[in-house]
Amino acid sequence: MVVNIRKLPDKPYIMPGNAACPGCPETMGLRYVKMALGDNVVLVIPAGCSSVIQGIAPRSGINFPILNIVFAAAASAASGMKAAFEQQGKDVHVVVWAGDGGTGDIGFQALSGAAERDEDIIYICVDNEAYMNTGIQRSSLTPYGAWTTTTWTGKKEHKKNVPAILISHGVKYVATASVGYPADFIEKLQRASKIRGFRYIHLLAPCPIGWRFDPGLTAKVAQLAVQTGLFPLYEYINGVFRLSPIARRYKDPKKRVPVTEYLKLQGRYKHLLNKPEEIRKIEEYIENTWRLIEALEKTFTEEGGRGEQVFRAL
Amino acid sequence: MARIEPAETLFLAPLSRPAPGSAGRTGTWRVVKPVVDLDKCTGCMLCWLYCPENTILKTGEGKVRIDYEYCKGCGVCANVCPFHAIEMVVEG
Ligand SMILES: Cc1ncc(C[n+]2csc(CCOP(=O)(O)OP(=O)(O)O)c2C)c(N)n1
Ligand code: SF4
Ligand code: SF4
Ligand code: SF4
């Protein structure tokens, strides 16, 4: 499956004049969700920037039917909504669209519960690596070294690996994506939409406000995260793991862009640019990330190229 | 308890409807604006794909124009254009 940009639907899925900041990755991502899934989608959104982007009633800036719900209940509400649609005989994609705080911290028990029950929903974590809507507080998905308003000298812990946790739940589909590579994200959404059961997509969404970069660079920063090896793109379908085609070359450390190219664009890393020992910690994180990727590749590939068959069938 | 008619429930529910300008005319936020050089534009539509605001509109000639009423001037389009056909110029 290859995405042809010219054939994607041209509808205002994000209404212009919404409340998002210039260069917002969340509005970028939302456009791709509907380009991929069409109009048959209902969003469930816990508190976060995407609640605010909708704007001031009676107008909404996001052209989807949306249920806004409390943090702790997003995945549960989506499970119930899907059951209700099934009762009515309606085939609708119920999609949770939650921030990293809403996913990895506050909404985590509902997410884990829905994953374990294999609810027939798509859960998308739009990961801007902090609680942006309330003023850039650290979350468990903020990476090591990053400044936030609650980690003034840089966060001391590494980022929680939520997609790996979801793979451990044994769900049907897990993928990582980046707003820097929309065609890849759209392709993954389309593949996920053909599977029944719990599907999780982790979308990296660099935020110019919280990460302190020029709003014109959202796509560039989102691409660099992949090119430096910090954020590998992959898919896991029914027990088979594979690196996404655009991310494969970064398996080779020599082909990766030096991580400082990524860090230096972002004000949140300003304080550690001249501290080699801090940069070394981030490089070690990249090495460990790829060690895990290799383990996943080895564990979840079956003899006889079953992997490719699974992917081609969808 | 009195029965609530469906129409009445709809009226009571805090429902919003999709419409442009939910945060006003966001074009006034701009400090720089994107200007498309139609001679350089090949119509590849990458800017259209990446624009976070949906303010890049396709023209009948297979090229693009900007909706200045709402474009926030972020500059994403200028940075993703492979042909350098979009320039950010200071508003004024
Ligand atoms: C139980 C609860 N705690 C705190 C809040 C306040 N709150 C609203 S949005 C938000 C930040 C959400 O961050 P994240 O989920 O990462 O999404 P983002 O804003 O970054 O898109 C917080 C803390 C809340 N609404 N409910
Ligand atoms: S803070 Fe970041 S994620 Fe939130 S609306 Fe602004 S740009 Fe978008
Ligand atoms: S990205 Fe550049 S070349 Fe492509 S459609 Fe936009 S302005 Fe034209
Ligand atoms: S400057 Fe930003 S909002 Fe305006 S058209 Fe370009 S990408 Fe869209």
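For the protein sequence lines, the chains are A and B, in the order given.
Everything in the first sequence is counted per our numbering, starting at 660 for the first residue and increasing by one.
Everything in the second sequence is counted per our numbering, starting at 69 for the first residue and increasing by one.
Note that beta-carbon positions come from the ideal geometry of N, C-alpha and C, so glycine has one too.
Here's the rule I'm using: 16 or more other beta-carbon atoms within 10 Å means buried, otherwise exposed. How should residue i be labelled?
i, result
"LYS140 of chain B", "buried"
"THR835 of chain A", "buried"
"PHE151 of chain B", "exposed"
"VAL729 of chain A", "exposed"
"GLU946 of chain A", "exposed"
"ALA851 of chain A", "buried"
"ASP669 of chain A", "exposed"
Of all the CB atoms in chain A, is at least one closer than 9 Å to the CB of residue i?
i, result
"GLU155 of chain B", "no"
"THR110 of chain B", "no"
"LYS126 of chain B", "yes"
"ASP135 of chain B", "yes"
"VAL144 of chain B", "yes"
"PRO88 of chain B", "yes"
Is residue i near ligand 1, judged by its Cβ being under 8 Å from some heavy atom?
i, result
"MET687 of chain A", "no"
"PRO705 of chain A", "yes"
"MET674 of chain A", "no"
"SER837 of chain A", "no"
"VAL785 of chain A", "yes"
Quick one: grab the DSSP three-state call for residue i.
i, result
"PHE857 of chain A", "coil"
"PRO865 of chain A", "coil"
"PHE767 of chain A", "helix"
"SER84 of chain B", "coil"
"PRO102 of chain B", "strand"
"LYS777 of chain A", "Going by the sequence as given, residue 777 of chain A is Asp instead of Lys. If DSSP states are grouped into helix, strand and coil, ASP777 of chain A belongs with coil."
"HIS828 of chain A", "coil"
"ILE154 of chain B", "strand"
"SER903 of chain A", "coil"
"HIS752 of chain A", "strand"
"THR810 of chain A", "strand"
"LEU125 of chain B", "strand"
"ARG908 of chain A", "helix"
Under 9 Å between C-beta atoms, does residue i make it to chain B?
i, result
"ASP873 of chain A", "yes"
"PRO841 of chain A", "yes"
"LYS923 of chain A", "no"
"ASP698 of chain A", "no"
"ARG718 of chain A", "yes"
"GLY714 of chain A", "yes"
"MET674 of chain A", "yes"
Provide the residue(s) that pair with residue i in DSSP beta bridges, ordered along the chain.
i, result
"ALA834 of chain A", "A:ILE860 and A:GLU894"
"PRO705 of chain A", "A:ILE728"
"GLU942 of chain A", "BP columns for GLU942 of chain A are empty, so no partner."
"ILE721 of chain A", "A:ILE673"
"ALA757 of chain A", "A:CYS784"
"VAL969 of chain A", "Beta-bridge pairing links VAL969 of chain A to no other residue."
"GLN925 of chain A", "In the DSSP output, where bridge partners are listed per residue, GLN925 of chain A has none listed."
"GLY92 of chain B", "B:SER90"
Does ligand 6 have even one heavy atom less than 8 Å from the beta-carbon of residue i?
i, result
"VAL880 of chain A", "Ligand 6 is not among the ligands present in this structure, which contains only ligand 1, ligand 2, ligand 3 and ligand 4."
Would you say residue i reaches chain D, if we count a Cβ-Cβ gap shorter than 9 Å as a contact?
i, result
"CYS680 of chain A", "No chain D appears in this structure, whose protein chains are A and B."
Please tell me whether, using a cut-off of 8 Å, the distance from the CB of residue i to the nearest non-hydrogen atom of ligand 4 is below it.
i, result
"ALA146 of chain B", "yes"
Kindly examine ligand 2 and report whether one of its heavy atoms sits closer than 8 Å to the Cβ of residue i.
i, result
"LYS802 of chain A", "The sequence shown places Pro at residue 802 of chain A, rather than the Lys named in the question. It does not: the Cβ of PRO802 of chain A is nowhere closer than 8 Å to a heavy atom of ligand 2."
"CYS708 of chain A", "yes"
"ASN727 of chain A", "no"
"ALA679 of chain A", "yes"
"VAL740 of chain A", "For the sequence presented, residue 740 of chain A should be read as Met rather than Val. Flag unset: Cβ of MET740 of chain A not near ligand 2."
Please find out if some non-hydrogen atom of ligand 3 comes closer than 8 Å to the beta-carbon of residue i.
i, result
"LYS108 of chain B", "yes"
"MET113 of chain B", "yes"
"LYS131 of chain B", "yes"
"CYS139 of chain B", "no"
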